[in-house]
Amino acid sequence: MTTSAPGRPVGGSYDPARTTGGGLTAELDRLEAQAALSFPEELRILRGLGLEGGTVLELGAGPGAVTRRLRAALPAGTALIAADIDGELLAHAAGPGVTLLVADGADLPLPDDSVDFVLLRYVLQHVPDPAAVLAEVRRVLKPGGRVACTEVDSALWGAAEPSYPELAGVHAKMAAAQRADGGDRSIGRRLPRLLRAAGFDDVVLRPFATTNDDHPTDAFAPQLGPQRLEPLVARGVLSLAELALAADRWNRFRSDPDAWVMLLGLTAAATAPAGRGPQETP
Ligand SMILES: C[S@@+](CC[C@H](N)C(=O)[O-])C[C@H]1O[C@@H](n2cnc3c(N)ncnc32)[C@H](O)[C@@H]1O
67 MTTSAPGRPV GGSYDPARTT GGGLTAELDR LEAQAALSFP EELRILRGLG LEGGTVLELG
127 AGPGAVTRRL RAALPAGTAL IAADIDGELL AHAAGPGVTL LVADGADLPL PDDSVDFVLL
187 RYVLQHVPDP AAVLAEVRRV LKPGGRVACT EVDSALWGAA EPSYPELAGV HAKMAAAQRA
247 DGGDRSIGRR LPRLLRAAGF DDVVLRPFAT TNDDHPTDAF APQLGPQRLE PLVARGVLSL
307 AELALAADRW NRFRSDPDAW VMLLGLTAAA TAPAGRGPQE TP
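Each residue of the sequence shown is one higher than the last, beginning at 67 in the working numbering.
Listed below in structure tokens is the structure:
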């Protein structure tokens with residue numbers, strides 16, 4: 067675990083003050099922009115996976131870009147809990163009808179069998195031990211309750227035309243830096259196996275795409291533009307020349323009227339079984 071300010075806990079490989087250039091304010095904007103791009107489609111998928119109400123836990127809610135959207139989308143009687151290990155970040159998620167819970171996903175202060183649906187969105191890629199978090203999710207879910215994990219996979223990030231193979235090294239260094247911090251940008255492909263290994267049933271994978279057919283190309287800037295790489299220069303992971311290369315290619319891309327981009331997200335979901343299996347034995 068790292069700290070973004072003295073004494074401030076940050077989850078695994080995620081440090082909100084050093085995820086994008088511009089610090090915490092820019093990161094809040096990036097998460098908001100990311101939710102604006104794809105959450106409508108994600109919500110359609112989540113509803114198909116059983117998200118409907120009862121008690122819903124958004125684990126790793128961060129500053130609440132998705133919490134606010136869930137609150138608006140779910141029936142009024144839904145008990146919506148937004149949990150995060152970073153209390154300072156989570157405070158931004160405060161709002162009517164949302165219970166905030168500062169907690170490590172691997173040690174939740176919630177009773178057994180108390181939650182109907184758990185969403186983890188872009189959280190497990192930052193967690194050094196995803197299995198421990200999923201075991202805890204299984205404990206708090208009611209039998210028949212559902213978990214959905216939405217993630218990236220760096221090798222399946224999407225597609226772009228034109229594309230710039232000369233940036234492959236930059237992206238590989240970004241993934242390696244996250245791995246060095248205990249995270250995994252290729253976790254998307256592991257999600258179904260992680261869920262099965264945690265004892266869940268009915269594991270399914272639902273990919274979703276976000277393209278600049280539906281959004282202006284500039285709406286992708288917080289995710290694909292050079293600002294996202296700036297902290298890696300400050301850490302010595304990327305050189306200034308590599309940042310300049312990435313900035314040049316992004317500027318070429320965004321000023322090309324025929325440029326096309328598709329970002330791919332992966333949502334894996336599963337059902338909590340009736341018994342806890344081996345974990346139940348004293
Ligand atoms: C990339 S942010 C995603 C925030 C939010 N889910 C969204 O999609 O906008 C990852 C979040 O996971 C949280 N996190 C990381 N490790 C955690 C853990 N072990 N327990 C709870 N939250 C954790 C971080 O503090 C951060 O808020």
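Glycine included, each C-beta is placed from N, C-alpha and C at the ideal position.
For residue i, count neighbouring Cβ atoms within 10 angstroms of its own Cβ and tell me buried if that reaches 16, exposed if not.
i, result
"residue 232", "exposed"
"residue 323", "exposed"
"residue 195", "exposed"
"residue 156", "buried"
"residue 81", "buried"
"residue 333", "buried"
"residue 79", "buried"
"residue 101", "buried"
"residue 72", "Summary for residue 72: the model assigns pLDDT 39, below 50, so the residue's position carries little reliability, and this model does not support an answer."
"residue 346", "For residue 346, the predicted structure reports a pLDDT of 48, less than 50, and the residue's modelled location is therefore unreliable. A value from the coordinates is still provided. Looking at its Cβ environment, which holds fewer than 16 other Cβ atoms inside 10 Å, residue 346 is exposed."
"residue 197", "exposed"
"residue 130", "buried"
"residue 69", "Here residue 69 scores only 36 on pLDDT, less than 50, and its place in the model should not be relied on; the value that follows carries that caveat. With fewer than 16 other Cβ atoms within 10 Å, it is exposed."
"residue 263", "exposed"
"residue 153", "exposed"
"residue 165", "exposed"
"residue 348", "In this prediction, residue 348 scores a pLDDT of 40, lower than 50, which makes its location untrustworthy; no coordinate-derived value is stated."
"residue 217", "buried"
"residue 278", "buried"
"residue 106", "exposed"
"residue 142", "exposed"
"residue 160", "exposed"
"residue 395", "With the chain running from 67 to 348 in the structure shown, residue 395 is simply not present."
"residue 227", "exposed"
"residue 138", "exposed"
Is residue i near ligand 1, with its Cβ less than 7 Å from a heavy atom?
i, result
"residue 158", "no"
"residue 281", "no"
"residue 189", "yes"
"residue 219", "no"
"residue 111", "no"
"residue 284", "no"
"residue 192", "yes"
"residue 299", "no"
"residue 253", "no"
"residue 171", "yes"
"residue 151", "yes"
"residue 248", "no"
"residue 80", "yes"
"residue 127", "yes"
"residue 132", "yes"
"residue 101", "yes"
"residue 199", "yes"
"residue 304", "no"
"residue 257", "no"
"residue 176", "no"
"residue 97", "yes"
"residue 167", "no"
"residue 155", "yes"
What residues match up with residue i in a beta bridge as DSSP calls it?
i, result
"residue 333", "216, 272"
"residue 183", "122, 212"
"residue 277", "328"
"residue 207", "181"
"residue 322", "Answer is none; residue 322 lacks a bridge partner."
"residue 267", "337"
With respect to the beta strand (DSSP E) encompassing residue i, which residues constitute its N-terminal and C-terminal limits?
i, result
"residue 224", "224-227"
In the DSSP assignment, the alpha helix (DSSP H) including residue i goes from what residue to what residue?
i, result
"residue 91", "89-114"
"residue 304", "Run containing residue 304: none; DSSP gives neither H nor E here."
"residue 145", "Looking at the DSSP string, residue 145 is not in any alpha helix (DSSP H); the run it does join, the beta strand (DSSP E), is 145-150."
"residue 166", "It is not in any alpha helix (DSSP H) - residue 166 instead sits in the beta strand (DSSP E) that spans 164-168."
"residue 359", "No information on residue 359 is available, as it lies outside the stretch 67 to 348 that the chain covers here."
"residue 258", "257-263"
"residue 156", "153-156"
"residue 237", "234-246"
"residue 288", "287-290"
Checking contacts by CB at 8 Å: is residue i closer than that to chain C?
i, result
"residue 153", "Structure shown: chain C not included; a single protein chain is present."
### Task
Could you tell me whether the stretch 253-269 touches the stretch 95-115, where touching means 3 or more Cβ pairs closer than 8 Å?
As far as the Cβ criterion goes, the stretch 253-269 does not touch the stretch 95-115, which means the pair count is below three.
### Query
Between the stretch 180-195 and the stretch 119-137, are three or more C-beta pairs nearer than 8 Å?
Output reads yes: the stretch 119-137 touches the stretch 180-195.
### Message
Any contact between the stretch 217-225 and the stretch 241-258? By contact I mean 3 or more CB pairs, one from each, below 8 Å.
### Response
Output reads yes: the stretch 241-258 touches the stretch 217-225.
### Task
Would you check if the stretch 172-181 and the stretch 285-299 touch, i.e. whether three or more CB-CB distances between them fall below 8 Å?
Verdict: no, contact absent.
### Query
Should the stretch 306-318 be called in touch with the stretch 280-295, which here means at least 3 C-beta pairs below 8 Å?
Touching, per the Cβ criterion.
### Query
Should the stretch 108-118 be called in touch with the stretch 86-98, which here means at least 3 C-beta pairs below 8 Å?
These segments do not touch.
### Query
Are the stretch 325-339 and the stretch 270-280 in contact at 8 Å, needing three or more beta carbon pairs?
These segments touch.
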